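**Student:**
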Amino acid sequence: MTELVVTTATDGGEVLADAARVGNKFARQEVLRRAGFRVPEFFCLPAAAFDEALDALRPSLPAEPADGADRAEVESWCAAAREALGGARLPVALAERIRKEFTAVAGPEGLVAVRACVVPAVAGADDASGGAAPEADAAEAIGEDSAVDPFAGMSDSFLYVDEDGLEEAVLGCWASAFNPQAVRYRTLRGLDPLRARVAVGIQRMVLGTRSFVAFTRDPRDGAVRRVVAAAYGIGEGVVQEKADIDHFFHDPATDEVTALTVRKQWSMGLPEGAAAGAPVLLPVAGELADVPVLDDGQVRAVAELAARVEELFGVPQDIEGALTEDGLVHLLQARPLVTAPPTATATAGTAPATGTATADAAPEEPGTAQVYWGNHNITESFPGVSGALTFSQSREFYRRSFTDLYRRMGVPESWVRDNAHRLARMVGYLEGQVYYRLDDWHALHGQMPMFELVRRGWEQAMGITGPARGERRWAAPAVALALPRLAWRSALHPWQVKSFLRWWDRQMAEAETIGDSPEELIAFYRRLWERAGERWGVTLVNAFIALVVLGAGSVLLRRWTGEGPQVLVGLMGGGRENRSLEAVRAAMALAELVGAVPELRAAVLDDASDPEQLWRQIVEGQHGAAVGDAARGYVARYGDRALHDLKLEEPTPRQRPWTVLALIRPLVRQGATVAASRADEQAAARKARERLHEVLPNPVRRAVLLGVTSLARDLARIREDTRFCRTQLFGLSRDVMWRLGAELARTGVLDDALDVADLTVEEVIGAFDGTGTVTDLRALVALRRTQRERWAKNPQRPALLGTPAGLPLARALPRASAVGKVAAADDGLLRGIGSSGGVVRGRAKVVLDPSTDPDLAAGRILVARETDPGWLFLMMSATGMVVERGTLLSHTAITGRLLGVPTVVAVPGATTAIPDGAWIELDGAAGTVRLLPPSEQPEQPEQPEEPERPGEPGESGESEEPGGTAPTDGTATTEKGDRT
């Protein structure tokens, strides 16, 4: 009678060492156990048990496909077999037997790992060393963990299984013989999916505190170098690349150990408080985050263990293991190291893979590899769904500007050329939404040793967390060698910025002289972008230096005072105005002039007024020359600044000048003044300096910190100056494309000038210069418009997501999964980064569409996913700001400081956690937001949702606060002074 459960006690270990019965995985474990390695106790259900279970179900299954059946028929039968096995029950005797062996291996309250292993289909096909037996049929000698093909990830494993979950786990392992990816992989490899057989191993669960995978050869180049990847928690975190992983390299010739470590935030293990269940991501304790997972002695011990396994089996090995709290190293798996991709093998009854898919063929299932995408801070520039014109222009911007950055930062030209494909796909188009492709960003930035200085801050700014984070690429000595170049670059930076801004102002002047012919427009456009590609890297160098300086300031502040970043935030206020703030204050100045003319003020505040006609009257001087000159001057200088001003399908005041009236209306209503705005800014900066004097009495250290924050303030100003230049760069591109669109519409190629929104830049220009490949642009526009309108109805995608690698994006995107979901705080507080100090209470105004009338944000605390420079007028109306994304150097943070508005950025889930109209308290220094209970809400009548209009009760037009931001609906109150 065939034994359906085999242990070392029942058969002396002979069956357990036979790969044809229990699979390569478990046969090797038995060989290792016999050789004296510390292998956890286990027992197996050999493939014969799987055969009996499947045979018992065959009468209820469809007829088995004949030899030569098409793929669809084979896959359909396998799916039915998988469902039947997964839903079956074990025979009573077998269930009782495995429970008995469970107790013997793990104890009555213990836990086990239940793993499947596909066995070779012919006896003697693969011995435990990993070498195929000479008499084995080549096609079917390939089993899981064989020397030529690991079949990685094809069958299932279940961890932390208790006695009650044992039967279900065994059935799940059997069913995984027919997992879709396993079926398709066997077909691809030329193996018959119907002949798959599975053994199941049940092994005592080692509760490792640290786990590793080790190679006896470097898998990158085959060098004799031990490579160890290690993480906190169990090994699934390393194998599935879900935990944060340190890498170690051991040279057996010199016994030297080198390391590439990362900051560790996540491990994998049993859910806290659970007795059993599937492993989950768990946070790494703060004190361990920067400590290498293994010390040098432990790395050498693991490397020696791997070498001993290699010596036993005679071929290079890939091993998995764990370290328990007592420091013991446990060996969990070993397999031959596969260094080349497997090739297809033809077998009887199965057609060889040809690489040509038929119309009926399903797409290949992906492996575990993921492509990570993020839009944490790019969405402030390209929110929602963008048209093809915008995406093609953004793609060109990133390609050119970052090419210039890497050139300036010393990356070899040859490497930049070889990675041109990465530069061309730094941004992706995910059903209309613009995302960063993060693997390319990691690869590109990783060529700069200095990047290690800012990696942590950069990943925070990009919203990158968990498995999407990159690995450290440069050791400390290499970073140190790069510091002189960074110092030299920093010393030249102020001069280069001034040169850049002077050059840019010349470009804007030149743009005013361009004619209307398509030839002139196209020539100007090409010349502009060619020049920009040679200079725009200066703006990115600024961002790099700013991260370094801000990081240094935070470290000094924490070391010398123990204070958080809120003091640093306040010190960055004040200083010379940047171009973005100049635009805001120019609007304030225009609003002051409008407010000084009673008739004009009433017309601007009257919703019934025709804005186009009113604007025409203003610029023609009908309300005074001063107002007319200021209005024309504002559009000439700042006309490209608007909501969504990098989206080329969206108009700006340059194309629709009368929209300026909607922007200044809340300023006119509030009586905002430039003088009051500047006074608020200076008061906030003064209070921050006073606070620094309190917490840091040492005058020398205080002077150092003030110097660092002064530099950070200058860099932040440069950032906003160059962001304004970027707005103008896209503004000039918009103007050219719209004018070319008008010509295409005039000549009947398009129906409307704005149809260019659904064409790429190359297609628009190609229509004139003969490089276009589509002659029916109308049909192309109609197709893309329909697609864009459909995408616009889709739910908001996560800011950070992963898609399966190796699939076309259209197939991978439906399988996308969110990365780094945020758990709710248990103290009722929402936390982010405090970026502009002050405590304010008021009703929340959740804004998902920035085209919202600024009046509706007046006197409210603005809550948004992100902001861009075009939100300035909404920000100025608000008494506080809460934004889901951003950093201390983001536009929202800088603007909040300059306007003296309490601000918290990087508050995950704020727009869903805070209901519109809810009473909240915002602490811009501590970086917290709290929903107020009814007992703390002001006692006052319910206010109307719409702000009061001229002539309604309570309308006075007078400002009640120094900043001209008095609430118009009585909903905001402040504590600790006036927004300090």
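Using this note's numbering, the letters of the sequence shown map in sequence onto residues 1223 to 2202. Note that beta-carbon positions come from the ideal geometry of N, C-alpha and C, so glycine has one too. Here the structure is a predicted model, which means the values were calculated and not measured.
Pick out whichever of R1439, A1523, A1709 and I1320 has its Cα sitting closest to the Cα of D1386.
**Tutor:** I1320
**Student:** Between R1243, L1750 and L1999, which has its C-alpha nearest G1963's C-alpha?
**Tutor:** L1999
**Student:** Which term fits H1915, buried or exposed, when burial requires 16 or more other beta carbons within 10 angstroms of its beta carbon?
**Tutor:** exposed
**Student:** With DSSP run on the structure shown, which of helix, strand or coil describes E1542?
**Tutor:** strand
**Student:** Alpha carbon to alpha carbon, what distance is there between W1710 and S1739?
**Tutor:** 45 angstroms
**Student:** So S1489 is in the beta strand (DSSP E); what residue range does that whole segment cover?
**Tutor:** W1488 to G1491
**Student:** Rounded to the nearest angstrom, what separates N1800 and V1719 at their Cα positions?
**Tutor:** Each residue's Cα considered, the two are about 13 angstroms apart.
**Student:** Can you tell which of P1284, A1306 and L1307 has the C-alpha that lies nearest to the C-alpha of V1296?
**Tutor:** P1284
**Student:** Exposed or buried, what is V1336 when buried is set at 16 or more other beta-carbons lying within 10 Å of its beta-carbon?
**Tutor:** buried
**Student:** Exposed or buried, which one is E2143 when buried takes at least 16 other CB atoms within 10 Å?
**Tutor:** buried
**Student:** Looking at chain C, is there any beta carbon in it that lies within less than 9 angstroms of the beta carbon of A1335?
**Tutor:** The structure shown contains no chain C; it is built from a single protein chain.
**Student:** If you run the structure through DSSP and keep just helix, strand and coil, what is S1932?
**Tutor:** helix
**Student:** DSSP on E2088, reduced to helix/strand/coil?
**Tutor:** coil
**Student:** Does the separation of the CB atoms of L1981 and L2002 fall below 9 angstroms?
**Tutor:** yes
**Student:** Within 10 Å of its beta-carbon, does G1784 have 16 or more other beta-carbons around it, so buried, or fewer, so exposed?
**Tutor:** exposed
**Student:** Between T1438 and A1556, which are expected to be in contact by the criterion C-beta below 8 angstroms, what is the C-beta distance as a whole number of angstroms?
**Tutor:** With a Cβ gap of about 10 angstroms, T1438 and A1556 do not count as contacting.
**Student:** Would you mind working out which of R1448, R1798, R1485 and A1404 sits nearest T1476, comparing C-alpha positions?
**Tutor:** R1448
**Student:** How should R1749 be labelled, buried or exposed, when 16 other C-beta atoms within 10 angstroms of its C-beta is the threshold for buried?
**Tutor:** exposed
**Student:** Under a three-way DSSP split, which group does V1819 fall into?
**Tutor:** V1819 carries a coil assignment under DSSP once its states are collapsed to helix, strand and coil.
**Student:** Assign R2171 to buried or exposed, taking buried as 16 or more other Cβ atoms, counted over all protein chains shown, within 10 Å of its Cβ.
**Tutor:** Residue confidence for R2171 is low, a pLDDT of 31 falling below 50, so the modelled location carries little weight; the figure read from the coordinates is stated next. Exposed is the call here.
**Student:** Where do the N-terminal and C-terminal ends of the beta strand (DSSP E) with M1631 fall, by residue?
**Tutor:** Looking at the DSSP string, M1631 is not in any beta strand (DSSP E), and its letter there is neither H nor E.
**Student:** Does DSSP put M1427 in a helix, in a strand, or in coil?
**Tutor:** coil
**Student:** Enumerate in chain order the residues of its own chain whose CB-to-CB distance from D1468 is below 8 angstroms, with the five nearest sequence positions on each side excluded.
**Tutor:** A1451, A1452, A1453, A1481, L1482, T1483, V1484, K1486, P1514, V1515 and L1516
**Student:** Between which two residues does the beta strand (DSSP E) holding S1379 run?
**Tutor:** Per DSSP, S1379 is one residue of the beta strand (DSSP E) stretching across S1379 to V1383.
**Student:** Report the rounded CA-to-CA distance for A2132 versus G2056, giving the unit in angstroms.
**Tutor:** 14 angstroms
**Student:** Can you name, in chain order, every residue of its own chain whose Cβ lies under 7 angstroms from the Cβ of L2023, other than the five neighbours on each side?
**Tutor:** W1595, A2038, S2039, A2040 and V2041
**Student:** Determine the direct distance from the alpha carbon of A2004 to that of V1701, and round the result to whole angstroms.
**Tutor:** The alpha-carbon atoms of V1701 and A2004 are separated by roughly 52 angstroms.
**Student:** Which runs of the alpha helix (DSSP H) at least 4 residues long sit entirely within the region 1994-2018? Give them in chain order.
**Tutor:** 1999-2014
**Student:** In angstroms, rounded to a whole number, what distance separates the CA positions of S1802 and V1882?
**Tutor:** 16 angstroms
**Student:** Taking 7 angstroms as the limit between beta carbons, can you name the residues of its chain near T1546, skipping five residues before and five after?
**Tutor:** V1428, L1429, G1430, T1431 and H1552
**Student:** Can you confirm whether the region 1633-1641 touches the region 1660-1669 when touching is taken to mean that 3 or more C-beta pairs between the two stretches lie within less than 8 angstroms?
**Tutor:** Result yes; three or more Cβ-Cβ pairs closer than 8 angstroms.
**Student:** Over what stretch of residues does the beta strand (DSSP E) that includes Q1592 continue unbroken?
**Tutor:** Counting along the chain, the unbroken beta strand (DSSP E) around Q1592 starts and ends at Q1592 to G1596.
**Student:** Decide yes or no for the touch test of the region 1529-1536 against the region 1241-1258: beta carbon pairs closer than 8 angstroms, at least 3 of them.
**Tutor:** yes
**Student:** Taking just the CA atoms, how far does A1894 sit from E2180?
**Tutor:** Here E2180 scores only 31 on pLDDT, less than 50, and its place in the model should not be relied on; the value that follows carries that caveat. If you take the alpha carbons of E2180 and A1894, they lie about 9 angstroms apart.
**Student:** Are the Cβ atoms of D1943 and L1723 separated by less than 9 angstroms?
**Tutor:** yes
**Student:** Have a look at M1684, D1991, L2052 and S2099 and flag the residue whose alpha-carbon is nearest the alpha-carbon of V2069.
**Tutor:** S2099
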